[in-house]
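**Student:** Structure in structure tokens, see below.
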Amino acid sequence: MAGQPEEAVHEFVLVTGAEEERARFFLESAGWDLQLALASFYEDGGDDDIVTLPQPPPGSVSHGSGPSDHRVTSFRDLVHAQEEEEEEEEGQRFYAGGSERSGQQIVGPPRKKNPNELVEDLFKGAKEHGAVAVDRAAKSPGESSKPSAFVGGGYRLGAAPEEESAYVTGSRRQNSAQDVHVVLKLWKNGFSLDDGELRSYQDPGNAQFLEAIRRGEIPADLRRLAQGGQVNLDMEDHRDEDYVKPKVSFKAFTGEGQKLGSTALHVPSEASPRQQEQNEGNASSSVLLNDCEPVTSIQIRLADGGRLVQKFNHSHRIRDIRLFIVNARPAMALSRFVLMTTFPNKDLNDEDLTLKDANLLNAVIVQRLI
């Protein structure tokens with residue numbers, strides 16, 4: 001029996017790392033029940049007082065021949081090991097109301113990436129989604145950076161199972177004039193589009209734009225700029241340079257004119273911005289809304305590239321939309337056009353239908369010249 005208490009003390013010391021006197025105290029309090037003594041030790045918070053014991057001299061205490069690797073480490077060692085693994089990913093750790101064992105742990109925000117890392121992520125994400133690196137030095141002076149579009153034929157799949165596929169002859173894009181080519185320049189202190197102003201990497205307003213680039217997508221700002229055309233985006237790496245505002249370059253006149261002495265064609269003149277704003281205001285006020293009836297917003301994409309948004313009652317008819325367009329763009333009164341929906345494309349030929357009956361509530365309508 002004399003050997004059993006000593007064995008219990010030895011086991012208690014191995015498990016908890018406590019001093020022998022402290023182990024004997026908990027064992028005596030528990031009636032030499034090892035499991036009860038260990039439970040009492042941890043409930044009492046005994047781990048807080050653990051100190052490093054000096055190595056006992058050889059022969060003073062017989063600890064058996066078991067390997068030292070089986071010793072149980074304290075919770076402090078586990079916490080430190082986890083902190084070292086997550087140090088690079090997480091923010092700084094704070095403790096409120098105590099220490100790291102008894103207080104509340106608060107983790108700060110993730111470490112912000114510097115501009116060099118952010119630009120590296122943009123290029124990496126773009127390459128993962130199909131972007132190709134181009135050496136500008138190897139490009140010939142007259143070579144265009146825009147990719148050539150496919151102009152061959154193809155097969156149109158049937159809309160229904162019983163409908164057969166049909167061969168369709170290809171044709172060149174008619175709206176190639178609306179295609180947009182943008183150069184994204186990534187500087188040390190920000191980024192710019194073409195020769196535009198510097199935009200900060202840290203500005204929350206630019207976060208969505210940069211995230212779309214990283215995912216290999218065209219940002220919504222550039223898609224709206226193309227107005228349905230194709231967007232070609234080039235990325236230039238200027239991480240070693242600070243942004244320098246480019247000089248304003250002279251732009252030649254790109255409008256149209258009439259040759260003197262020739263027969264002049266009747267072309268509706270484009271209204272000035274001030275006159276156009278006044279026309280749109282008059283057109284909007286001409287639409288009489290009944291406050292007692294439900295209201296919907298209709299977005300109209302015009303053939304001249306403009307966009308109008310107007311509120312109508314559900315009982316308004318399609319011809320009311322046509323009248324609104326003519327009032328907003330008086331030059332359209334002499335032009336023949338049809339209104340159509342998108343996705344799927346469908347001509348709105350019956351203009352006596354109400355917006356509700358035509359399923360045009362909160363819809364987008366496109367004007368097409370004929």
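The sequence shown: position 92 = 92 (the UniProt record's numbering), numbered continuously.
Positions of the beta carbon are idealized from the N, C-alpha and C atoms, including for glycine.
(1) Here's the rule I'm using: 16 or more other beta-carbon atoms within 10 Å means buried, otherwise exposed. How should residue 343 be labelled?
(2) Would you mind reading off the limits of the alpha helix (DSSP H) that contains residue 286?
(3) Could you check if residue 9 is buried or exposed, using at least 16 other CB atoms within 10 Å of its CB as the buried criterion?
(4) What are the start and end residues of the beta strand (DSSP E) that includes residue 192?
(5) Quick check: the Cα distance between residue 244 and residue 215, rounded to an integer number of angstroms?
(6) What is the DSSP secondary structure of residue 337, reduced to helix, strand or coil?
(7) Would residue 364 and residue 320 qualify as a contact pair, given that the criterion is a beta-carbon distance under 8 Å?
(8) Closest to residue 119 by C-alpha separation, out of 294, 329 and 236, would be which residue?
(9) Is the separation between the beta-carbon of residue 318 and that of residue 310 shorter than 8 Å?
(10) Taking 8 Å as the threshold (C-beta atoms), are residue 181 and residue 232 in contact?
(11) Verify whether the separation of the beta carbon atoms of residue 308 and residue 280 is less than 8 Å.
(12) With a Cβ-Cβ cutoff of 8 Å, do residue 322 and residue 351 count as a contact?
(13) I'd like the span of the beta strand (DSSP E) that includes residue 364, first residue to last.
(14) By a C-beta neighbour count over all protein chains shown, 10 Å radius and 16 as the cutoff for buried, is residue 138 buried or exposed?
(15) When the distance is taken between beta carbons, is residue 283 closer than 8 Å to residue 324?
**Tutor:** Reading from the atomic positions:
(1) So residue 343 ends up on the exposed side.
(2) For residue 286, the uninterrupted alpha helix (DSSP H) run begins and ends at 273-286, by DSSP.
(3) Buried: at least 16 other Cβ atoms inside 10 Å.
(4) 191-193
(5) Taking the straight line from one Cα to the other gives about 28 Å.
(6) strand
(7) 8 Å or more divides the Cβ of residue 364 from the Cβ of residue 320.
(8) Of 294, 329 and 236, the residue nearest in Cα terms is 236.
(9) no
(10) With contacts defined as CB atoms closer than 8 Å, residue 232 and residue 181 qualify as a contacting pair.
(11) yes
(12) Residue 351 sits close to residue 322, with the two beta carbons spaced by under 8 Å.
(13) 364-369
(14) Residue placement at residue 138 is flagged as unreliable, the pLDDT there being 49, under the threshold of 50; the coordinate-derived value follows with that caveat. It counts as exposed.
(15) yes
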